[in-house]
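S.K.:
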Amino acid sequence: MPHLDFSQPPFDVLSLAERQSIRKNTQIRYLAKNESLPAEELQCLYVVIKGQIEQSLDGEFVASYVGSNHADGLNNNDWFDSRRLPESLTKDNQPEHESTPIQPYQFRANEETLLLQVAGDAIDKISAQNHLVRQMLSDKLPERLKALRQRRHNKTLDPASYTNQQEVQQIMLQPVIDVHLLPVHIVDANDSLYEAAHIMTKAGLKHVLVRPLHGLSGSKTAQHETKLLLGILTDTDICRAVSDRQDPAITPCQRYANFNLRTIKASDEIGDALLTMTRYRIHRLPVIDKSGNVVGVLGQSDMLAHIGHHSQLISIQIEQAQDLSSLDTAVELIGRYIRAQHHNGVKIGNISRMVQTLNAQVFTKLWQLIVPDEVMANTCLIVMGSEGRGEQIMRTDQDNALIIRDGYTHPDLAQFSDTFNSHLATLGYPLCDGNIMMTNPMWRQPLKQFTAQINLWFRNSDPMHGIYLSAILDGEYVCGDESLLTQVRQHLELAHSQADPMFVRQFARAALQFGDVNQWWQKFVPLLGGKSASSDIDLKKAGIFPLVHSIRTLALENNVLDVPSTKARLKGLVQVDAMTQERADTLLEALEFFMAQRLSVALSTDDKHARQVDPTTLTALERDLLKECLAVVKSFKNQLRQHYQLEIA
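Quick note: to get the numbering used here, add 214 to the position in the sequence shown (first position is 1).
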């Protein structure tokens, strides 16, 4: 009699006693061709030993589960929990007073099939005491995706070593308040530099916060300051004053303090603090609580000691680059960083946002090496597409633009742009096939012409204009005058408010252009005579693009236009009650799963685009989650069709 393979998930994390319990509650189940599991047997976990099971809902195909005779890997058997109910992804559209019973899935054998049937109560008993099993069999997609990340990056899943193996990721997700914070010391703006230096020396600090003249009164050594009308003065600022031959005893702090202060919320993740420090090249961040009070100052050295991270070293390498060759060395370090973080199990969203920050520093340094200061001051360099959204992992196509201040001209702008794009290509960032780059005059224009062009895109039904609008909606600041991008975003909101109300409906169609997701499901089942030559699934077309563009469309409809990333758009949609938090979390987890799969392909093959994945080469757990995430895409596309009253593609 076939038996459970305890080297395969979800059974490879069971203790000896748990394995014995499972064995006692497992039996063989045979299904003839076209025979279905009866309703009374939908209370078990099933492992497909041989054959093929088709899952459906109300007569509509949902997924396929195959035995090892249909999979590339030995004993790489699919499993399914027949008790799992359909994902409640459409509850956002269902009125709360409606209580329509949720219909269970149906399971039918497409050929003679052998199953191992594990009693559901035995599984429940083990899940109650083994959180690893509970996570892999959870009906919550984010939990199962977390289990996949843990398995992918850890060779063994010994429960005793679980915490240590996930330490890197857990630390990055910890709140900032968990790090040792420096105490708060505040001086008034008209206090002398000498007084500030005295407080620094006494407190053993290299900075003090500075209250402007119109700020609040209170103790200079207060532990918090409300409303954050504060600046910062560092020992470097005092050295600069001495170098300027200023008398510290009479020179007010306000003259050398920096009031353009970056802060971080106490509840924000450590990874967010690292991103902020890296992006803005700062070493201290005042930490703000829910009431807006400063509860401490996060120092870079304390944070780095807490997490042992090395992205700062890459940032320093980029900053010190003096030519294309030294910049190329830094870019190669980014590639190594990606591989190391992925290997250590860091969540793909954290990796992608840090890569976005490091890439932005590369682009900034390259632009600085090419153009004079006056061009930097009168233009704004932006990136778009996945780079702008912070969802770019591999170095794929460039998408960039240059917004020029109205009235400013320079005879060499076209040459500067050409040099910039060609140098990026040399560094490994390929040129954009669609020519959405600032070498194209359409993407290198004064602000007034940019806004006029946006008006045209909102008025015209040309499909290319939807692509151009998507690009500019994803625009993110790199360097130069950021106010120019701010004005473009403000104009996007104005142009949208003046556009035909049917525009968003047309804009949404792009998310449906790749057809029914059911076409992708069929690729999970190889042909009987051998694997289909077209069994690969295009992760971008089947998963990433429909999710990204659907969320972009909903953000446009709800005027969530001040942020380019999908994660931030989901947060904005939740805030305006256009989506539930649970739905937003599920969509983000599905998107990051597709991104992680692409990264795995890129790191294990020579495919730089890394779009295609062969489901028959994946583990059973990966196949299960790929099916689930594609189901999320299908549900979301159906919601989009209903919401915008679009015909079925």
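C-beta: ideal position from N, C-alpha, C; glycine also.
A quick note: this is a predicted structure, and the numbers were derived from the prediction, not measured.
1) Whose C-beta lies closer than 7 angstroms to the C-beta of residue 599 among residues of the same chain, with five residues either side of it excluded?
2) Nearest to residue 480 by CA position, among 625, 455, 392, 265, is which residue?
3) So the candidates are 277, 607, 681, 593; which of them puts its Cα closest to the Cα of residue 554?
4) Would the stretch 841-853 count as touching the stretch 754-767 if we require 3 or more Cβ pairs under 8 angstroms?
5) Go ahead and label residue 617 buried or exposed: buried means 16 or more other beta carbons lie within 10 angstroms of its beta carbon, across all protein chains shown.
6) Note down, one range per segment and in chain order, each beta strand (DSSP E) of at least 3 residues found wholly within the stretch 824-855.
7) Within 10 angstroms of the Cβ of residue 399, are there 16 or more other Cβ atoms? Answer buried if so, exposed if not.
8) What number of angstroms, rounded off, separates the C-alpha of residue 751 from the C-alpha of residue 792?
9) Which of the three DSSP states, helix, strand or coil, is assigned to residue 321?
10) Using 8 angstroms as the Cβ pair cut-off and three pairs as the minimum, do the stretch 625-637 and the stretch 646-654 touch?
11) Starting from residue 865, follow the alpha helix (DSSP H) in both directions and report where the run begins and ends.
12) From the DSSP output, in three-state form, read off residue 394 for me.
13) Can you tell me where the beta strand (DSSP E) holding residue 614 begins and where it ends?
14) Is the beta carbon of residue 282 sitting closer than 7 angstroms to the one on residue 268?
15) I need the straight-line Cα distance from residue 859 to residue 778, nearest angstrom please.
16) Please report how far the alpha carbon of residue 539 lies from the alpha carbon of residue 531, in whole angstroms.
17) Kindly list the residues whose CB is nearer than 8 angstroms to the CB of residue 464, restricted to its own chain and excluding five residues on each side of it in sequence; keep chain order.
18) Provide the residue(s) that pair with residue 751 in DSSP beta bridges, ordered along the chain.
19) For a test of the three-state rule: what should DSSP assign to residue 630, helix, strand or coil?
20) Would residue 601 be called buried (16 or more neighbouring beta carbons within 10 Å of its own) or exposed?
21) Residue 546 to residue 595, Cα distance in whole Å?
22) In the DSSP assignment, what residue or residues form a beta bridge with residue 466?
23) Quick one: measure Cβ to Cβ for residue 449 and residue 414, integer angstroms, because I've assumed they're closer than 8 angstroms.
24) If contact is defined by three or more beta carbon pairs under 8 angstroms, each pair taking one atom from either stretch, is the stretch 341-348 in contact with the stretch 783-797?
25) Is it the case that the Cβ atoms of residue 503 and residue 511 are separated by a distance below 7 angstroms?
26) Is it true that the CB of residue 620 sits closer than 7 angstroms to the CB of residue 586?
27) Please go through the stretch 486-522 and give each complete alpha helix (DSSP H) segment of 4 or more residues, from N-terminal end onward.
28) By DSSP, does residue 623 sit in helix, in strand, or in coil?
29) Can the beta-carbon of residue 427 be found less than 7 angstroms from the beta-carbon of residue 410?
30) Using the Cβ count rule (16 or more neighbours within 10 Å means buried), how would you classify residue 529?
31) Can you tell me the Cβ-Cβ gap for residue 872 and residue 323, rounded? I've got them flagged as a contact below 8 angstroms.
32) Tell me the DSSP secondary structure of residue 734 in three-state form.
33) I'd like the list of long-range same chain contacts for residue 452, defined as Cβ closer than 6 angstroms, with 5 residues on each side in sequence excluded.
34) If you follow the beta strand (DSSP E) that residue 671 is in, where does it begin and where does it stop?
35) Looking at the secondary structure, which residues open and close the beta strand (DSSP E) in which residue 448 lies?
36) Specify the secondary structure class of residue 766 as computed by DSSP and reduced to three states.
M.R.: In this structure, then:
1) 613, 685, 688
2) 392
3) 607
4) yes
5) buried
6) none
7) buried
8) 31 angstroms
9) strand
10) yes
11) No answer is possible for residue 865: it lies beyond the span of the chain, which begins at 215 and ends at 863.
12) coil
13) 614-618
14) no
15) 26 angstroms
16) 12 angstroms
17) 406
18) 827
19) helix
20) buried
21) 23 angstroms
22) 406
23) 6 angstroms
24) no
25) no
26) no
27) 514-521
28) coil
29) no
30) buried
31) Since the first residue of the chain shown is 215 and the last is 863, residue 872 is not available in this structure.
32) Note that residue 734 has pLDDT 42, beneath the 50 cutoff, so the model's placement of it is unreliable and the number below is only indicative. Note: residue 734 maps to helix in three-state DSSP.
33) 407, 411
34) Not the beta strand (DSSP E): residue 671 falls in the alpha helix (DSSP H), residues 661-673.
35) 445-448
36) helix
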